[in-house]
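Reviewing the structure listed below.
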Amino acid sequence: MNKGTRVLTQGITGATGQFHTRACKEYGTQMVAGVTPGKGGSSFEAIPIFDTVEKAVSATGANASVIYVPPPFAADAIMEAADAGLELIVAITEGVPIMEMVRVKRYLEGKKSLLLGPNCPGVITPGECKIGIMPGDIFQRGSVGVISRSGTLTYEAVDQLSRLGLGQSTCVGIGGDPVHGLDFVDVLILFNEDAQTKAVVMIGEIGGSAEEETALWIKANMRKPVVAFIVGQTAPPGKRMGHAGAIISGGKGTAREKIEALKKAGVQMASSPALIGQTMKESLSGNF
Amino acid sequence: MNIHEYQAKELLRRFGIPVPRGRAALTPQEVRAIAGELGGSCVVKAQIHAGGRGKAGGVKLAGSPEEAEKIAGEMLGKKLVTHQTGPQGRQVKCLLVEERLNIEREFYLGMVMDRSLSCVSVIASAEGGVEIEEVAQRSPEKILKEAIDPAVGLLPFQCRRLAYGLGLSGERANLLLSIAQGLYRAFVERDCSLAEINPLLLTREGELVALDAKMNFDNNALFRQPEITALRDLDEEDPKEYEASQLGLSYIALEGNIGCMVNGAGLAMATMDIIKLYGGEPANFLDVGGGATKDKVTEAFKILLSDKRVEGVLVNIFGGIMRCDVIAQGIVEAAREMRVTVPLVVRLQGTNVELGKKILSESGLSIIPAETMAEAAEKIVKAVRNNS
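Each protein sequence line maps, in turn, to chains A and C.
For reference, each letter of the first sequence is one residue, going 556 to 843 in our numbering.
For reference, each letter of the second sequence is one residue, going 261 to 648 in our numbering.
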């Protein structure tokens, strides 16, 4: 994902689609097309709009998509993008029925598209390419990779890093839903191989067992330092804390279990959300 | 979203799953009438959105319609406290009156959204009638599981594998197959997040019956499930949580005295966590979402302050797309309109933060500013302590 990535926006004619397409374009991302069925032939601020993803790709050579389509139609939009052969699909939409995502994941098997989200803020390589809704100004170019299930908590962490002079290589929001595309391990594999990335900040939440499974992978494979923070230590069981995936059920998915698992894997844990940047700083200067 | 046992059973019945004969009742007289229909002897079950009712005295056997009526009189209108309701318990407004069945064996049969595999999984166990998490802990080998491929659904050979694993064969295995497939169809067609039959009863006559049923639904899918949404029981939900959801806010009540208002679920959880870290107790989780306008902030203050336990408020907003000056303006106007008198700490960060801080300091309201999350948490905990 870099300056050469050509991005199309699905749901470009909605208010959110318009606002963020403009913002990404201003950041420097190549926003080359929009797709809204029925609005083909029109345009948004000189960006041509097409009825289908296939037509948009054929006309503009787009290789990535960002989706702002509302929940009832978002799954279909993801599958249309995959069918058109896009390399990266970033689904921003929050509120997609879980059963739809189960079908989407099955549909994506064997296809070349990578899916990020849904219910995620997107992905950004500072200074090169921003696909999503994050505020570009807080990011700085550097060598810390960031992976997170959250949105604004990620901005908080990135802001802390930037203020300490620790710029970011790429920041990936995997989103807050229980069934989704790229997971922690998928992105860590990429960071492990990425020459730009020297260390990783990982932000997890209560709910599910992704962080525990990731801890096992880190122990066996990760060659670069990882600093993590797990949010939701004060969350009551059985309640959905905003994100569809942030729920402790049947006693499983607590913050404590995740923190323990990551500690065992040699991950440095930030003891407070205000100390994520500081913990990375200490990790990099060898203080653990 | 949750529903009552009697509603879950009615739903499962429509998907071909055998349930005990019986109906819901709201008065002792209705209970007596239903008991009569069932032949006199019956089971009276309190209907609340929580488990553990049996152990707490919420499930009673009655030998006659008169006895059933008496039991109903003792249960209705009273609070039932189970290990799942919390100490305050839930008020019982509705009872399910059912026929009594004999018990040959009890199984567990449930379907759940399997996050690790990104599909629906069916779980079965020969240890029915107890909490499945307990079984999973002490005897994990007694848990049978089948992952269901969404492209083909729950296949007969998978059902046979479960049946044989449960010690069922022949006609009974066929019954299990029919029930499991009915449960899967219900799960998918009604967008469940959980569908549990515990226990699935095998009677001496060789019938399989869902003796208890629990169904939870994916909140993200309610827009396309009007029949399910109609089953919602607001008496079982915190009124503030419901009101917030109607306004597009995400709110969860907690036990403490420091109210929080944040944009973004992750940051909101982090704010709760950091208040605790600094020795305070959060009163709630509240995510105002991406559009923290003056109206949203006002509504959020209203809900926060309607909790009488709140003795201080921490506002933590990371303004990305939303500019800090716009947010600050909203906070000032809302605080003025709501006449906020408890200590108010506001921490803003992000776009136009300096302008935002200026607006707060020049507002004439006693707003305590903070730079970092740590400073904000420290200040609000201190302010609340000093005030009390």
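Ideal Cβ positions, reconstructed from N, Cα and C, are used throughout, including at glycine.
Partner residues on chain C for residue i, Cβ-Cβ distance less than 7 Å
i, result
"Asp692 of chain A", "Thr611"
"Met689 of chain A", "Gly580"
"Asp714 of chain A", "Gln609"
"Gly650 of chain A", "Asn480"
Within 7 Å, strictly: CB atoms of residue i and residue j
i, j, result
"Ala322 of chain C", "Ile331 of chain C", "yes"
"Asn576 of chain C", "Arg607 of chain C", "yes"
"Ile604 of chain A", "Ser597 of chain A", "yes"
"Leu603 of chain C", "Ala630 of chain C", "Just to set this straight, residue 603 of chain C is Pro in the shown sequence, not Leu. No, these two residues do not count as a Cβ contact at 7 Å."
"Thr611 of chain C", "Gly579 of chain C", "yes"
"Cys684 of chain A", "Thr809 of chain A", "no"
"Ile457 of chain C", "Leu361 of chain C", "no"
"Val352 of chain C", "Ala306 of chain C", "yes"
"Thr789 of chain A", "Asp533 of chain C", "yes"
"Ile686 of chain A", "Val727 of chain A", "no"
"Ala473 of chain C", "Lys269 of chain C", "yes"
"Lys666 of chain A", "Ala637 of chain A", "yes"
"Thr632 of chain C", "Ala825 of chain A", "no"
"Ala285 of chain C", "Ile277 of chain C", "no"
"Asn480 of chain C", "Ala629 of chain A", "no"
"Leu443 of chain C", "Met371 of chain C", "yes"
Chain A contact for residue i (CB, 7 Å cutoff)
i, result
"Asn434 of chain C", "no"
"Ala595 of chain C", "no"
"Asn480 of chain C", "yes"
"Glu497 of chain C", "no"
"Asp547 of chain C", "yes"
"Leu527 of chain C", "yes"
"Ala530 of chain C", "yes"
"Asp585 of chain C", "no"
"Asp493 of chain C", "no"
Beta bridge counterpart(s) of residue i as assigned by DSSP
i, result
"Met475 of chain C", "C:Ala455"
"Val357 of chain C", "C:Arg283, C:Val304"
"Phe784 of chain A", "A:Ile758"
"Glu406 of chain C", "C:Val382"
"Ile686 of chain A", "A:Val678"
"Ala588 of chain A", "A:Leu563"
"Pro629 of chain C", "C:Val606"
"Gln723 of chain A", "A:Val699"
"Ala513 of chain C", "C:Asn544"
Listed by chain order, chain A residues near residue i by CB distance under 9 Å
i, result
"Arg375 of chain C", "Pro733, Val734, Gly762, Gly763, Ser764, Ala765, Gly800, Gly808"
"Ile512 of chain C", "Ala790, Pro791, Lys794, Arg795, Met796, Gly797"
"Glu393 of chain C", "Gly805, Gly806, Lys807"
"Pro542 of chain C", "Thr789"
Contacts that residue i makes with chain A (C-beta to C-beta distance below 8 Å)
i, result
"Lys681 of chain C", "Limits of chain C in this structure are 261 at one end and 648 at the other, which puts residue 681 of chain C out of reach."
"Ser381 of chain C", "In chain order: nothing, as chain A lies at least about 11 Å away."
"Ser453 of chain C", "Ile653"
"Val448 of chain C", "Met654"
Any C-beta of chain C under 7 Å from that of residue i
i, result
"Ala770 of chain A", "no"
"Glu812 of chain A", "no"
"Phe843 of chain A", "Low confidence applies here, because Phe843 of chain A scores a pLDDT of 49, under 50, leaving its location unreliable; read the following figure in that light. Chain C, which has no Cβ nearer than 7 Å to the Cβ of Phe843 of chain A, makes this no."
Within chain C, the residues that residue i reaches when beta carbons sit closer than 8 Å
i, result
"Pro627 of chain A", "Phe483, Arg484"
"Gly672 of chain A", "None at all; the shortest Cβ gap to chain C is about 13 Å."
"Glu711 of chain A", "Leu527, Ala530, Phe578, Gln609, Met633"
Cross-chain neighbours of residue i in chain A, by beta carbon under 7 Å
i, result
"Phe477 of chain C", "None at all; the shortest Cβ gap to chain A is about 10 Å."
"Thr632 of chain C", "Ala829"
"Gly524 of chain C", "Ser705, Gly706, Thr707, Leu708"
"Ser378 of chain C", "Val657, Lys660, Val734"
"Ala411 of chain C", "Arg661"
"Asp472 of chain C", "The premise fails here: Asp472 of chain C is roughly 16 Å from chain A at the closest Cβ pair, so nothing lies under 7 Å."
Anticipated Cβ contact below 8 Å, residue i with residue j, distance rounded
i, j, result
"Glu593 of chain C", "Lys554 of chain C", "5 Å"
"Ser698 of chain A", "Gln751 of chain A", "6 Å"
"Met757 of chain A", "Val781 of chain A", "6 Å"
"Gln609 of chain C", "Asp714 of chain A", "6 Å"
"Val621 of chain A", "Thr564 of chain A", "5 Å"
"Ile814 of chain A", "Gly762 of chain A", "Their Cβ separation, rounded to whole angstroms, is 14 Å, which puts Ile814 of chain A and Gly762 of chain A out of contact at 8 Å."
"Met529 of chain C", "Gly787 of chain A", "5 Å"
"Leu817 of chain A", "Glu748 of chain A", "Wrong, their Cβ atoms sit about 21 Å apart, outside the cutoff."
Using a Cβ cut-off of 7 Å, which residues of the segment 549-579 of chain C contact any Cβ in chain B, in chain order?
-> This model lacks chain B altogether, as its protein chains are A and C.
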